[in-house]
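According to the numbering used here, the stretch in the sequence shown is residues 364 to 1037, in order.
All remarks here apply to the structure that follows.
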Amino acid sequence: MSEPAVAVASVGPGSILGGKYRLLRVLGSGAMGTVYAALHEKLGREVAIKVLNTELGQHGDALLRFQREAELVTKLGHPNIVAVYDFGQCPNKAPYFVMEVVSGQTLRHRLEQGPLTDDEIIAVFAPLLSAVAAAHSAGVVHRDLKPENVMLVPRTDGHGAMPIVKLLDFGVAKIRQDREPEPATDQPDRAEVVAAKDALATAAGAMMGTPAYMSPEQIKSSGNIDGRADIYAIGVMLFESVTGERPFFGDSMAALLGSHLFGQAQKPSVVAKRNKVAARHIDTLRLDTVILRTLAKLPDERYPDCLQLRDDLDVVWGRRGLWQEASVGQAVSTRPVKAKPVGSSRWRWLVLLLVGVVLAVGLSLRTRTESGYAPGSPPDKALAVMQAAQRGSLLERRALAMAIESVGKRALLPQLASLLRDENEPLRLLLPTVYTLGQPGDDALLAALTLRTQAAVGAQAVEAQAVRLRLGAQDAVPVLDAAAATETLTPEARLWAALALSQAGKAQAGALPKLRERLLRPGVSLSKGLRLLLVPELVRAGDAATEKQLREQAAQRPITDAVTDALLQLVQGGKSDVKEALTKLLVSSSKEERPLLVLLLARLGDATMLDELRKLLNEDAYRLRVLSAAGSLGPSAKSLEGQLVPLLSSADAATRLHAAAALIAIAEKETHVR
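Laid out in structure tokens, this is it:
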């Protein structure tokens, strides 16, 4: 590696630090500092000295991390973690710390020669798991485990040919017990620089860790990073050591991150066979299960700690204690073992416990709300009907969700948040409504959605993150960037990502229409909820093809639901000429066409349609749509309350709940919601 520039000439090879350490040569450099080989002149002992890069010395966050690294390593004192001997400050005021010298090759250099043998896997990963377990026990999460940070030092103690493992670089480690807050969303200072051998090295200024080995929660910049993120990284390294390639990859940073977030790793045994890796004398089927568990998208589905992972790997190698022996430095060798069927998991009770915790958290978020309505008033009665539906059957809750979606007023956000907190309510059915009604600052809605998002995977996770961004959660941006570039995701999920990024101003100009051209092809099916969100946005973004298609559909006769849908989407896309033409169209419409135009105009806020709505309310074919239109008018439709209240007693759940939603919307303005 090339030596980074330094601001003061007194720091570099030949310099003397602390009056006793003479810098000899550069061993390497990274985002945080430069490592020099040095000589303790009085003792004649060679050491390594890490000096904070001078361009970072003025940044408090970087300086804090550098100091913490030295404190962390000293605190751990593990034989497989590089030791720290001394601290000091350079003449140019840059801090440094003195470490033991470790010479040999990194695990990266070894992997460049091909997959590891069975003996090598034990010799490398058993002590590595022991070192990481010690860090976790001390409340430290490494967050940047990768082959470059695992040094393989040749033995000189006569205990076999296998190397001694040394874990390096705690520069981005996290102390879970720290009282001082970390920088927002775990972001390093933007001035940090990256020195890397390939394009998959640490992306400074983006997130903590190295993308090729980064867990999904790190990519999401989650504030709840714990030791299971390190287990994910170990799983990636273990997969690579067994098969000769990483489980996740991409030809761009976004594609790589998308692969981690949404891709499913193949079975290691399948990849190893494809790469013609020599047969192993272990239980390869069980090894598949172990490695894939480390790579689970959700932290709760991974191993809870390194020691359980080590114990399961020992079972793979025949349950002979080889991994425990190797973890304390003893030389071991493997023998052929007979494969055994994978038994039932010993950690199911943990899953049940975690489910209980999630439910408890969900209940704790459920706050009691005062109705604020006069007892016995129309909205008070309506609220009682809606609350009864929330406690009722799945059919009633589904009818409630449809009523909220159909009326589409922010006055219904409390009921929407309650449905969102209900884990039995399908998340994807609620997302379009939350996206439509929600705004940044709707904290209760965001909290409920975030709780549900933690258990979402694949396309559903993308859609949930898109809605979170709509509600102001900026940590969703890297997830959505990756999703938009991930070819293996469904077209719908990628369009959700592009839509949210575009509306939040986080996408390149024209990105949404370009993606639409690629994905909205014949045979591609999109949900109605996404279409209703996407099409107006495309019109608003100036997508001529979409506008032309809508105008052609709107011009068809006779007027049908498809025609009014096209007219509505044009108006929502900002085409004011269409709204102006609707009144003229109403005058020339036939008796059969008129109700559809009346309903459309009412939905667009035309209160002059109230008398027509009263008449249509008595017709079964139009009743639900009239209720939706009345709710859309809000307080302007207060004169309809007398006709809506009797419908609260309807035997039909849809009618009952649409009437309730309309009455709540009529009684309360948007400004009262938050």
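Just so it is clear, CB atoms sit at the ideal spot from N, CA and C, and this is done for glycine as well.
In this text the structure is predicted, and so the values were computed from the model without any measurement.
Inter-residue distance for LEU987 and LEU746 is about 18 Å (C-alpha atoms, whole angstroms). Taken through DSSP and simplified to helix, strand or coil, ALA411 comes out as strand. The beta carbons of LEU1011 and ALA993 sit no closer together than 8 Å. When secondary structure is reduced to three states using DSSP, ILE594 falls in the helix class. Note that the segment 595–607 does not touch the segment 824–840; fewer than 3 beta-carbon pairs, one per stretch, sit closer than 8 Å. When DSSP assignments are scanned along the segment 614–644, the uninterrupted stretches of alpha helix (DSSP H) that are 4 or more residues long and fall wholly within it turn out to be 616–625 and 631–637. When only Cα atoms are considered, ARG473 and VAL640 end up about 15 Å apart. If only uninterrupted alpha helix (DSSP H) runs of at least 4 residues are considered, those enclosed by the segment 826–862 are 840–847. Judged by DSSP secondary structure, GLY994 falls within the alpha helix (DSSP H) whose first and last residues are 986–996. Straight through space, the alpha carbons of ARG643 and THR480 are spaced by roughly 8 Å. Secondary structure at GLN817: coil, using DSSP grouped into helix, strand and coil. For SER493, DSSP records no beta bridge to any residue.
In terms of Cα proximity to ALA617, the closest of VAL389, ASP844 and SER578 is ASP844. Distance from SER392 to LEU386 at the Cβ level is roughly 13 Å; contact not present, criterion being Cβ atoms closer than 8 Å.
At a Cβ-Cβ threshold of 8 Å, LEU531 and CYS453 do not count as neighbours.
Judged by pairs of C-beta atoms under 8 Å, the segment 1014–1032 touches the segment 748–768, as three or more such pairs exist. Distances from the CA of ALA944 to each of SER1013, LEU931 and GLU955 were compared; the closest alpha carbon is that of LEU931.
Judged by DSSP in its simplified three-state form, HIS403 adopts strand. In terms of CA proximity to GLY739, LEU1026 leads the group VAL961, THR927 and LEU1026. For the pair GLY590 and HIS499, the CB atoms are nearer than the 8 Å cut-off. ARG784 is classed as buried because its beta carbon has at least 16 other beta carbons within 10 Å across all chains shown. Within the segment 745–813, the complete alpha helix (DSSP H) segments of 4 residues or longer fall at 757–770, 776–784 and 790–800, listed in chain order. Taking 3 residues as the shortest admissible run, the segment 447–477 contains the following complete beta strand (DSSP E) segments, listed from N- to C-terminal end: 447–452 and 458–462.
Non-local beta-carbon contacts of ARG914 in its own chain, meaning distances under 8 Å to residues more than five positions away in sequence, involve ALA929 and LEU933 in chain order. Excluding its 5 nearest sequence neighbours in each direction, PRO742 has C-beta neighbours in its own chain below 8 Å: SER734, TYR736, LEU1026, ILE1027, ILE1029, ALA1030 and GLU1031, listed in chain order.
Per DSSP, the continuous beta strand (DSSP E) segment holding LEU390 begins and ends at 384–392. By the Cβ-count criterion, GLN778 is buried, with 16 or more other Cβ atoms from all chains shown falling within 10 Å of its own Cβ. Less than 8 Å separates the beta-carbon of LEU470 from that of PRO510. Here ALA984 is exposed. Its C-beta has fewer than 16 other C-beta atoms within 10 Å.
If you draw a straight line from the Cα of ASP906 to the Cα of LEU948, it is about 26 Å long. In the structure shown, the three-state DSSP call for VAL528 is strand.
In the structure shown, the three-state DSSP call for ILE922 is coil.
Under the DSSP definition of a beta bridge, LEU380 partners with TYR384. Listed in chain order, the non-local C-beta contacts of GLY477 below 7 Å within the same chain comprise GLY607, local neighbours out to five positions each way being set aside.
Distances from the CA of PRO854 to each of SER890, ARG682 and LEU794 were compared; the closest alpha carbon is that of SER890.
Taking all protein chains in view, the Cβ of VAL461 is crowded by 16 or more other Cβ atoms within 10 Å, so the residue is classified as buried.
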